Structure formats: C-alpha cells, structure tokens
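> Under this note's numbering, read the sequence shown as residues 36 to 479, first letter to last. Have a look at the structure that comes next, please.
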Amino acid sequence: MESISGKADHLVVLVHGMWGQPSHLEYLSKSLRESYDQDQIHILVAKSNANTYTYDGIETGGERITHEIEAEIKKIEESGTSIRKLSVIGYSMGGLVARYAIGLLYSAGLFKTVEAVNFTTFATPHLGVRAPITGKASQIWNVLGARTLSTSGQQMFLVDKFRDTGRPLLHVLADPSSIFIRGLSQFRHRTLYANILNDRSVVYYTAAISSTDPYANLDLVQLHPLTDTDSVILDPSHPVSHKTPTTPPLLSRLRSAATTTVTSIPWAFFLTVLLPVGTVFFLTSAGIQTIRSAQRRKLHDSGKTGVQVEKYRSAPFMVDELRSVADRVYNAAANTAGGEEYLPTPPPEEAEREPLVKGSRETLVEGKEVGDEAGGSEKWPTLALTKEQFEMIDALDGVGFTKYRVHITTVRHSHAAIVVRTPWRPGFGQGRTVVKHWVEKFVV
Numbered sequence: 036m037e038s039i040s041g042k043a044d045h046l047v048v049l050v051h052g053m054w055g056q057p058s059h060l061e062y063l064s065k066s067l068r069e070s071y072d073q074d075q076i077h078i079l080v081a082k083s084n085a086n087t088y089t090y091d092g093i094e095t096g097g098e099r100i101t102h103e104i105e106a107e108i109k110k111i112e113e114s115g116t117s118i119r120k121l122s123v124i125g126y127s128m129g130g131l132v133a134r135y136a137i138g139l140l141y142s143a144g145l146f147k148t149v150e151a152v153n154f155t156t157f158a159t160p161h162l163g164v165r166a167p168i169t170g171k172a173s174q175i176w177n178v179l180g181a182r183t184l185s186t187s188g189q190q191m192f193l194v195d196k197f198r199d200t201g202r203p204l205l206h207v208l209a210d211p212s213s214i215f216i217r218g219l220s221q222f223r224h225r226t227l228y229a230n231i232l233n234d235r236s237v238v239y240y241t242a243a244i245s246s247t248d249p250y251a252n253l254d255l256v257q258l259h260p261l262t263d264t265d266s267v268i269l270d271p272s273h274p275v276s277h278k279t280p281t282t283p284p285l286l287s288r289l290r291s292a293a294t295t296t297v298t299s300i301p302w303a304f305f306l307t308v309l310l311p312v313g314t315v316f317f318l319t320s321a322g323i324q325t326i327r328s329a330q331r332r333k334l335h336d337s338g339k340t341g342v343q344v345e346k347y348r349s350a351p352f353m354v355d356e357l358r359s360v361a362d363r364v365y366n367a368a369a370n371t372a373g374g375e376e377y378l379p380t381p382p383p384e385e386a387e388r389e390p391l392v393k394g395s396r397e398t399l400v401e402g403k404e405v406g407d408e409a410g411g412s413e414k415w416p417t418l419a420l421t422k423e424q425f426e427m428i429d430a431l432d433g434v435g436f437t438k439y440r441v442h443i444t445t446v447r448h449s450h451a452a453i454v455v456r457t458p459w460r461p462g463f464g465q466g467r468t469v470v471k472h473w474v475e476k477f478v479v
C-alpha cells in the first residue's frame, strides 16, 4: 500500500487473481507510477484476498475488496484529499472479484460523487472456466475442477447457486438488471486483454468474452497486429481473418512431425510419472484448503473479520428491487407528509443508461467491440457453451468492451507473462509490451 503523500484525487485499484498476492501486480503498479506521479493517481494494490483466501469465493472476495476500497478512500479523505475518480484493474479471477466489488460500490452510491474512469481486466475468466468441449474427458474436468477449488471453483465452473436466485453467481454478475452490470456501465473506458495462445489457466474464449475461438489453429488464420506493438497485440477492429489453406512441402511436414515427437517426450513423462504424484498432493491440499475456506467464510459471514457483511448483503442486487425499495420509501414519505396519494416517482438516473446495457451490438459507442471477432464478414465455429454463458456474452458485449487479443510466443504459459507477474523471468518481454500499451491507454 502506498503512503498518502500526494494530492491525487484519482484512486487506482489493482486486484490479483487465484492463489495470488499483491506482488504479482508489482510490475503493473510500478509501470503506472513511472508514468503518473502521486499528484495524479493514488495506487491501491488490494491485499485482503491474498493466497489461499482466494478459495473463499467471488462474493466474499468482492466484499473484502469493497471494504478495502472504502477504507482507503476514507483514509485519503482524512489526509485532506477527496477522491473524485476511480479506476479498477483485475488480473485473472481478480477481474471477477473486481466486478462484484464495483456492483457493491454502485449500490452504495459511490458513483454519484466519484467518476468511474478505467476498468481493465487481464486474462480474466468472465465466462467461467468450464471446458467448452463435449465428451467424457471434458465432463470429468468440469466436475473435478469444480470440487477442488472450494467456493471459487464452484462459481467459476458455474455449478453454484447464488443466494436465492437458483443461478450461478457469474450469471447474476452479468445480468443486465443487476447492480453489477449497472456499476460496470458507469466506467468511461472498459478494456480487456486476452491471451490467444498458451494460457492454460484462462483460455481465450472466456478472457475475450467470445463464443468462438479463431486461434485454435494459428496455421489456418492470418493475424492482424497493431502497429508499434511488435506483433504482440492484435488490432481490436480486425484481429484475425481466414488464411487460404496450403499444403506444406513434404520435407517441412516431416520436420514438423519430428519436432512434435521430440517435444512430446517430456510431456509423456509428465503425464505418466509426475502427474499422478502431483494429483495426489493437489487433491490433498485442495481438501485441506476447502475446509479452511469454509471456516474463514463462516467468520466473514458473522462479521468477525472487520468487514461489515450485513451492509453489503442487505441491499438488493437487482436494480428493479432497488427501484421498488426506493418507491416504497418515497411513497411512504409522501403519504406521511400529506401529499397526493398518487405522486409519480421520477425515473431513476440508471434508466438513462438502459440502451447501453440492453441495446444491440451495432449501436455501441465508438471504439467498442461489435460481435465476437470484430471485422464483420468472417465466420467462425461456435463453441459448445452453456445457455448461461451465451447470455453472459450478450450482456457483457451490451455494456461494451474494447478487446485486445494478445499473442505471446516466448513462453510456454502466457498467463503470468501478460502482466509480467515475475519480472525476472526470461521471455516476459512481450508482456512488457502489453503493459506498456495499457499504461499508454490509461486515462487519468
């Protein structure tokens, strides 16, 4: 956490992901600070949801982060500076936690006095982490994965029932009439960065909020990168197109087959020897962490951790319910004052934003995503997603995101590289290009 020494009225909140810790976002924080001093922005790297605390679920994590943001704003104001702007950045699962917190802040009325400026996610599973493939292997993964990461696993695999809705939390989080989408729509700029390759933690379709994956076989497509990004970031308006298929020469095919065989040997050893041993340790650890997570959530729900849970859960999370409560309070006050029995209730401010949330994709504001892969004429196979996931895509695209597809090729696993999670690691240079691009687009 930064010392409060500057006069910045813009609070920037960074939220890490699953199994994460504040140090994972150190490169993001330092890059921002190198461009903007303490009189321009105040940076809060959230720490209340670190390490195994991320097992406790998106709701619990979101409440912790909300409490942390409110406490930070109070501390800044006590130092003599008023916060007038807010930006929120989420990495991996941290993007989901951030979206939940934004809904709570919206419900609390924060955005009546604080301008929401930038919302950005890096490799965030907006649609969950369910494997969009039919078949036994996929079913086993979806079932097993949901049961090894405690509450967070159930929520990200879409098998939970959020409160009394009977729906998965992520589905509610993307409901156009929820405080979460209404809060998200307040931000002037909504941006996401999604790896198209080698992200085994958060695959492309869910990070990019897409029903297709044109990048499953890069030999069949032509990528269209932005200029001055070393071919790392694709043009959001036309990222990819079909390539005319060609048959490679025989020698090239033989070399490719030989390379595949050689590189598969370490993976064969991993799958047959190391994986079974690692699985035992992982499942044992997961069981222990699930028990500990349940204990932490019980303390959290009872209000014994310093977070005023009742404050966050007493308010309705659907805007229609909020309107209903407001109407009842207004009418009761009017009747008590002897006013006319049928005084009309003025339409709430949120109604003016309704076209943004529910409007067609063709009417989104300039610069925002149109359709799955911007460009219009290209057709791609639709993934085997659930009904809820398709609805989530429609709702989130309805709000409008600028989507930057990221092509990192210098590491086998791009999830950490996209935010330069460990700056000392070789091969993370392309991640620095991504962060540089984000900082340049950041609006103060």
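Glycine included, C-beta positions come from ideal geometry on N, C-alpha and C. Being a predicted model, the structure only gives us computed values, none of them experimental.
(1) Going by the beta-carbon positions, is the gap between T200 and V207 smaller than 7 Å?
(2) Taking the alpha carbon of G18 as the point to measure from, which residue in H102, A143, Q221, I137 has its own alpha carbon closest?
(3) Is DSSP giving Y240 helix, strand or coil here?
(4) Give the single residue among L205, I78, K109 whose Cα lies nearest to the Cα of G97.
(5) Could you tell me whether the segment 73-80 touches the segment 463-471, using the rule of 3 or more Cβ pairs below 8 Å?
(6) Give the DSSP-derived three-state secondary structure of H259 in the structure shown.
(7) Just tell me which of H102, G115, L145, E103 has its CA closest to the CA of G41.
(8) Which runs of the beta strand (DSSP E) fall wholly inside the segment 121-162 and span at least 3 residues, in chain order?
(9) Tell me the rounded alpha-carbon separation between N230 and L219.
(10) Quick test of your reading: H45 and S122, contact by CB under 8 Å. State the CB separation rounded to the nearest angstrom.
(11) For H59, which residues in the same chain have their Cβ closer than 6 Å to its Cβ, ignoring the five residues on either side in sequence?
(12) Would you grab the beta carbon distance between L79 and I124 for me? Rounded to a whole angstrom, and I think it's under 8 Å.
(13) Note down the Cα distance separating R99 from E413, rounded to an integer number of angstroms.
(14) Hey, how far is the Cα of G55 from the Cα of V256?
(15) Which runs of the alpha helix (DSSP H) at least 4 residues long sit entirely within the segment 63-118? Give them in chain order.
(16) Quick one, are the C-beta atoms of F425 and S213 less than 7 Å apart?
(17) Exposed or buried, V478, counting other C-beta atoms within 10 Å across all chains shown (16 or more means buried)?
(18) Give me the DSSP bridge partner(s) of I268.
(19) Would you mind giving the Cβ-Cβ distance between G92 and S187, rounded to the nearest angstrom? I have them listed as a contact below 8 Å.
(20) Do you know offhand how far T262's Cα is from P274's?
(21) Which same chain residues, not among the five before or five after S276, have their C-beta less than 8 Å away from its C-beta?
(22) With C-beta atoms as the reference, is R134 less than 7 Å away from F197?
(23) Report buried or exposed for N153, applying the criterion of at least 16 other Cβ atoms within 10 angstroms of its Cβ.
(24) Which residue marks the beginning of the beta strand (DSSP E) containing S276, and which one marks its end?
(25) When you compare only the Cα positions, how much space is there between Y439 and L418?
(26) Tell me the rounded alpha-carbon separation between Q189 and A209.
(27) Taking the alpha-carbon positions, what's the K422 to P249 distance?
(28) Taking its Cβ as the centre, do 16 or more other Cβ atoms sit within 10 Å of E107, making it buried, or is it exposed?
(29) For the alpha helix (DSSP H) that V479 lies in, which residues bound it at each end?
(30) Are V474 and S70 touching if we call contact CB-CB under 7 Å?
(31) Taking the Cβ atom as the reference point for each residue, do P211 and A430 lie within a distance shorter than 7 Å?
(32) Compare the Cα-Cα distances from M128 to each of F146, T89, K110, K120 and report the closest residue.
(33) Mapping the DSSP letters down to three states, classify L193 as helix, strand or coil.
(34) Would you kindly report the start and end of the unbroken alpha helix (DSSP H) that includes L431?
(35) Determine the closest residue to A251 out of N233, T87, I428, I137, with distance taken between C-alpha atoms.
According to the data block:
(1) Counting from one through the sequence shown, the residue named residue 200 turns up at place 165. Counting from one through the sequence shown, the residue named residue 207 turns up at place 172. For T200 and V207, yes; Cβs fall inside 7 Å.
(2) The structure shown does not extend to residue 18, since the chain spans only 36 to 479, so no value can be given for it.
(3) Against the sequence shown, residue 240 aligns to sequence position 205. Secondary structure at Y240: helix, using DSSP grouped into helix, strand and coil.
(4) Translated into the one-based positions of the sequence shown, residue 97 becomes position 62. Ranking L205, I78, K109 by Cα distance to G97 puts L205 first.
(5) As far as the Cβ criterion goes, the segment 73-80 does not touch the segment 463-471, which means the pair count is below three.
(6) Position 224 of the sequence shown, counted from the first residue, corresponds to residue 259. The answer is coil: DSSP assigns H259 none of H, G, I, E or B.
(7) Translated into positions along the sequence shown, residue 41 becomes position 6. Considering only alpha carbons, the answer is G115.
(8) 150-157
(9) One-based indexing of the sequence shown puts residue 230 at position 195. One-based indexing of the sequence shown puts residue 219 at position 184. Computed Cα separation, rounded: 22 Å.
(10) Start at 1 with the first residue of the sequence shown, and residue 45 comes out as number 10. Start at 1 with the first residue of the sequence shown, and residue 122 comes out as number 87. Indeed, because the Cβ distance is near 7 Å, the residues count as touching under 8 Å.
(11) Against the sequence shown, residue 59 aligns to sequence position 24. Excluding sequence neighbours, H59 sits near H51, R456.
(12) Indexing the sequence shown from 1 puts residue 79 at position 44. Indexing the sequence shown from 1 puts residue 124 at position 89. Not confirmed; about 10 Å, so no contact.
(13) In the sequence shown, the residue the question calls residue 99 occupies position 64. In the sequence shown, the residue the question calls residue 413 occupies position 378. Their Cα atoms are separated by approximately 43 Å.
(14) Residue mapping note: residue 55 aligns to position 20 of the sequence shown, counting from 1. Residue mapping note: residue 256 aligns to position 221 of the sequence shown, counting from 1. In a straight line, the C-alpha of G55 is about 34 Å away from that of V256.
(15) 93-113
(16) Stepping through the sequence shown from its first residue, residue 425 is reached at position 390. Stepping through the sequence shown from its first residue, residue 213 is reached at position 178. It is not a contact, given that the beta carbons lie outside the stated cut-off.
(17) On the sequence shown, position 443 is the one that residue 478 refers to. So V478 ends up on the exposed side.
(18) Numbered from 1 along the sequence shown, position 233 holds the residue referred to as residue 268. Looking at the DSSP assignment, I268 forms a beta bridge with V441.
(19) Counting from one through the sequence shown, the residue named residue 92 turns up at place 57. Counting from one through the sequence shown, the residue named residue 187 turns up at place 152. At roughly 5 Å, the Cβ-Cβ gap stays under 8 Å, so G92 and S187 are in contact.
(20) Taking the first residue of the sequence shown as 1, we reach residue 262 at position 227. Taking the first residue of the sequence shown as 1, we reach residue 274 at position 239. Note on geometry: alpha-carbon atoms of T262 and P274 lie some 12 Å from one another.
(21) By one-based count along the sequence shown, residue 276 stands at place 241. Around S276: V256, Q257, H259, G410, E413.
(22) Taking the first residue of the sequence shown as 1, we reach residue 134 at position 99. Taking the first residue of the sequence shown as 1, we reach residue 197 at position 162. The answer is no: Cβ separation not under 7 Å.
(23) Your numbering for residue 153 matches position 118 in the sequence shown. Buried, by the Cβ-count rule.
(24) Here residue 276 refers to the residue found at position 241 of the sequence shown. For S276, the enclosing beta strand (DSSP E) has its first and last residue at 275-277.
(25) Taking the first residue of the sequence shown as position 1, residue 439 is located at position 404. Taking the first residue of the sequence shown as position 1, residue 418 is located at position 383. About 20 Å.
(26) To locate residue 189, count along the sequence shown from 1; it is residue 154. To locate residue 209, count along the sequence shown from 1; it is residue 174. Near 17 Å, if we compare the C-alpha coordinates of A209 and Q189.
(27) Translated into positions along the sequence shown, residue 422 becomes position 387. Translated into positions along the sequence shown, residue 249 becomes position 214. In a straight line, the C-alpha of K422 is about 21 Å away from that of P249.
(28) The residue given as residue 107 occupies position 72 in the sequence shown. Label assigned to E107: buried.
(29) The residue given as residue 479 occupies position 444 in the sequence shown. Segment: none, V479 is in no alpha helix (DSSP H) and carries neither H nor E.
(30) Start at 1 with the first residue of the sequence shown, and residue 474 comes out as number 439. Start at 1 with the first residue of the sequence shown, and residue 70 comes out as number 35. In this structure, S70 lies closer than 7 Å to V474 by Cβ.
(31) Here residue 211 refers to the residue found at position 176 when the sequence shown is read from its first residue. Here residue 430 refers to the residue found at position 395 when the sequence shown is read from its first residue. Yes, these two residues count as a Cβ contact at 7 Å.
(32) The residue given as residue 128 occupies position 93 in the sequence shown. Checked all of F146, T89, K110, K120; the closest Cα to M128 is T89.
(33) The residue labelled residue 193 in the question sits at position 158 within the sequence shown. Looking at L193 - three-state DSSP - the assignment turns out to be coil, as it is neither helix nor strand.
(34) Locating residue 431 in the sequence shown gives position 396, where the first residue counts as 1. Start and end: 422-434.
(35) Indexing the sequence shown from 1 puts residue 251 at position 216. The shortest Cα separation from A251 among N233, T87, I428, I137 belongs to N233.
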